[in-house]
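In this note's numbering, the protein residues as written are 840 to 1393.
Idealized CB from N, CA, C, for every residue including glycine.
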Ligand code: C2O
Ligand code: CU
Ligand code: CU
């Protein structure tokens, strides 16, 4: 069923509805800089004529610039927090060390600037950035803080793919938003209007040749079932964290929260014509947010087919891509046989899309508890099993994983590349394999449901990555840290090349067991006498740095 975009809201809260005027899709500027500045601030935007909406943005009134990065480079970002509440900035999907990941522990306080520098390890793909403060992620993302990251590499550069940003290579950030009568966003699981790159009722002019869309679901909770109105076949060339081995033809593509896909659409010979990218919400299983599940929150977009973006085809460019390549890159998932461990993660609970209580292995987020400890450089298989009443898009920080199977069967062919979000439906399971190549260094990595409402409602846990080769009794030359004696019968002495602000002790399972203020000097003592014997990790934190050391209580 195809419904027009002008819909009378069916929900209980009064919301604004608007006349259907097509607007040119905003294309955020692509920045290619050594140092990026992201000013997170409050703004007012007129999404609809005569209507003012309070927003947040990152160096823009709504959303933020596209950050172009090159594999192998070092990226520097200054995140300035002009809000009157804490924020943070996370590089979703990028393989960075814990201290650079920008998760909930890495708070950027109001008025503060976070300067971060990290190596670009990922291959060419589309990533994104968004705030990640504990309990405020959904609200700040809902207000508009998010943006795309385009990573380029030499392998991708050698392929004959569209890559002229804003011409034949376009970011398409899809969000649904609900507008209150005063014009402001309602903070809710669902919206009734679709925004693409912040534009309602968008159209975009594209040349009559092969174009590339970088689709990103930036919605709080809605899953999209994408396809074209004429039923045409398009080609998926990449997923969350990299290109596929070869383009995969498709005519439908589910896109869950936080997920990205890159698709090629062949517009050859279509000059003057137009094309409608749709979401076929009527095809979503009832258990997937975006369906018209009778017991869940309502929205004018639920369970119906609606337009996402109109593509108007213009004259081809001087040097068009006209062929879908036969093959792309070599995809090398970690080897099953290398997995040192399998962990089972059970998603449980019941509720509505924007509320309810969902758990992972019966647990909810506790910033003071580390739930899993990985050994640096090892590979693990995680089996994610969903026994709750709805689908959850599960996301891991710390890099990309590969999907081994869904319910024991091979994953969809377009899911065969590196990924960092996997939608696991109610009653279903998925197995992923991942190698942990970056130390958390005292800044745990999160794993969570990327339904932002669930995430903020604590459907999130954290893991650390430790180096099993850490010297037991003496600090490494590089850290300049000494902790002795180890083993100890109680009192430890520490010497660090910085003023120690905070001391955190974790047990061998990575769970925080104690956290206290440091001496604020380069040396001090720490009392372990009340603790049971065993191996512990001791973290010493300076203003902006952190080192850790394995210590043993005798
Ligand atoms: Cu999109 Cu925890 O992240
Ligand atoms: Cu992430
Ligand atoms: Cu969820």
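- Determine the contact status of residue 1049 and residue 1168, defining contact as a CB-CB distance below 8 Å. Counting from 1 along the chain shown, the entry for residue 1049 is found at position 210. Counting from 1 along the chain shown, the entry for residue 1168 is found at position 329. Taking 8 Å as the Cβ cut-off, residue 1049 and residue 1168 do not qualify as a contacting pair.
- Message: Looking at the strands, I want to know which residues DSSP matches up with residue 862.
- Response: Here residue 862 corresponds to residue number 23 of the chain shown, with the count starting at 1. Paired residues: 1041.
- From 1187, 1214, 1165 and 1251, residue whose alpha carbon lies closest to that of residue 1266: Numbered from its first residue, the chain shown carries residue 1266 at position 427. Of the candidates 1187, 1214, 1165 and 1251, the one whose C-alpha sits nearest the C-alpha of residue 1266 is 1187.
- Task: Tell me whether residue 1305 sits in a helix, a strand or coil according to DSSP, three-state version.
- Result: Position 466 of the chain shown, counted from the start, is the residue given in the question as residue 1305. Three-state result, residue 1305: strand.
- Touch test, the region 1021-1031 against the region 1051-1065, Cβ-Cβ under 8 Å, three pairs minimum: yes
- Inter-stretch contact (C-beta, 8 Å, three-pair minimum) for the region 1079-1096 and the region 1033-1050: no
- Message: Runs of 4 residues minimum, wholly inside the region 1200-1253: which ones carry the alpha helix (DSSP H) assignment?
- Response: none
- Count the C-beta pairs between the region 1280-1293 and the region 1247-1255 that are closer than 8 Å, then say yes if the count reaches three, no if not. no
- Message: I need the DSSP call for residue 1290, collapsed to helix, strand or coil.
- Response: In the chain shown, counting from the first residue as 1, residue 1290 sits at position 451. DSSP places residue 1290 in coil when its eight states are reduced to three.
- In angstroms with no decimal places, state the Cα-to-Cα distance between residue 927 and residue 1003. As a working note, residue 927 is residue 88 in the chain shown. As a working note, residue 1003 is residue 164 in the chain shown. For residue 927 and residue 1003, the distance between alpha carbons rounds to 31 Å.
- Among 1239, 1174, 1126 and 913, nearest to residue 1142 - alpha-carbon criterion: Residue mapping note: residue 1142 aligns to position 303 of the chain shown, counting from 1. Closest by alpha carbon: 1126.
- From the DSSP output, which residues share a beta bridge with residue 1398? Absent from the structure is residue 1398, since the part of the chain shown begins at 840 and ends at 1393.
- Determine the contact status of residue 1073 and residue 1102, defining contact as a CB-CB distance below 8 Å. For the purposes of this step, residue 1073 is identified with residue 234 of the chain shown, where counting begins at 1. For the purposes of this step, residue 1102 is identified with residue 263 of the chain shown, where counting begins at 1. A contact, by the Cβ cut-off of 8 Å.
- Task: Could you pull out every residue in the same chain whose Cβ sits closer than 6 Å to the Cβ of residue 1105, ignoring the five residues on either side in sequence?
- Result: Against the chain shown, residue 1105 aligns to sequence position 266. Cβ neighbours of residue 1105 beyond the five flanking positions: 1049.
- Task: Assign residue 1332 to one of two classes, buried (16 or more other C-beta atoms within 10 Å of its C-beta) or exposed (fewer than that).
- Result: Along the chain shown, one-based indexing puts residue 1332 at 493. Exposed, because fewer than 16 other Cβ atoms sit within 10 Å of the Cβ of residue 1332.
- Given a threshold of 16 other Cβ atoms within 10 Å of its Cβ, counted over all protein chains shown, does residue 981 qualify as buried or as exposed? Sequence index remark: in the chain shown, residue 981 carries index 142 (1-based). Its Cβ being crowded by 16 or more others within 10 Å, residue 981 is buried.
- Can you name the start and end residues of the alpha helix (DSSP H) that residue 982 belongs to? As a working mapping, residue 982 is identified with position 143 in the chain shown. Residues 976-982.
- If you drop the 5 nearest sequence neighbours on each side, which residues of the same chain put their C-beta closer than 7 Å to that of residue 1193? Position 354 of the chain shown holds residue 1193. Cβ within range, chain order: 1027, 1028, 1060, 1136 and 1292.
- Message: Can you look up residue 939 in the DSSP assignment and give me helix, strand or coil?
- Response: Against the chain shown, residue 939 aligns to sequence position 100. Three-state result, residue 939: helix.
- Query: Using a threshold of 7 Å, is the CB atom of residue 1298 nearer than that to any non-hydrogen atom of ligand 1?
  - Reply: Within the chain shown, numbered from 1, the residue matching residue 1298 stands at position 459. Every heavy atom of ligand 1 is 7 Å or more from the Cβ of residue 1298, so no.
- Query: According to DSSP, what are the bridge partners of residue 1113?
  - Reply: Taking the chain shown and counting its residues from 1, the one referred to as residue 1113 is at position 274. According to DSSP, which records beta bridges pairwise, residue 1113 is partnered with 1151.
- Item | Coil, strand or helix - residue 1268 by DSSP | Counted from its first residue, the chain shown places residue 1268 at position 429. Strand, per DSSP.
- Can you tell me where the alpha helix (DSSP H) with residue 996 in it begins and where it stops? Along the chain shown, read from residue 1 onward, the residue named residue 996 stands at position 157. Start and end: 993-996.
- Separation of residue 1305 from residue 1054, as counted between CA atoms: The residue you call residue 1054 lines up with position 215 of the chain shown. The residue you call residue 1305 lines up with position 466 of the chain shown. Cα to Cα, residue 1054 sits roughly 34 Å from residue 1305.
- Helix, strand or coil for residue 1394, going by three-state DSSP, please let me know. Coverage of the chain is limited to positions 840 through 1393, which leaves residue 1394 absent and any answer about it impossible.
- Query: Within 10 angstroms of its Cβ, does residue 1375 collect 16 or more other Cβ (buried), or is it exposed?
  - Reply: Taking the first residue of the chain shown as position 1, residue 1375 is located at position 536. Label assigned to residue 1375: buried.
- Would you give the residue range spanned by the beta strand (DSSP E) that residue 1093 belongs to? Here residue 1093 refers to the residue found at position 254 of the chain shown. Start and end: 1092-1094.
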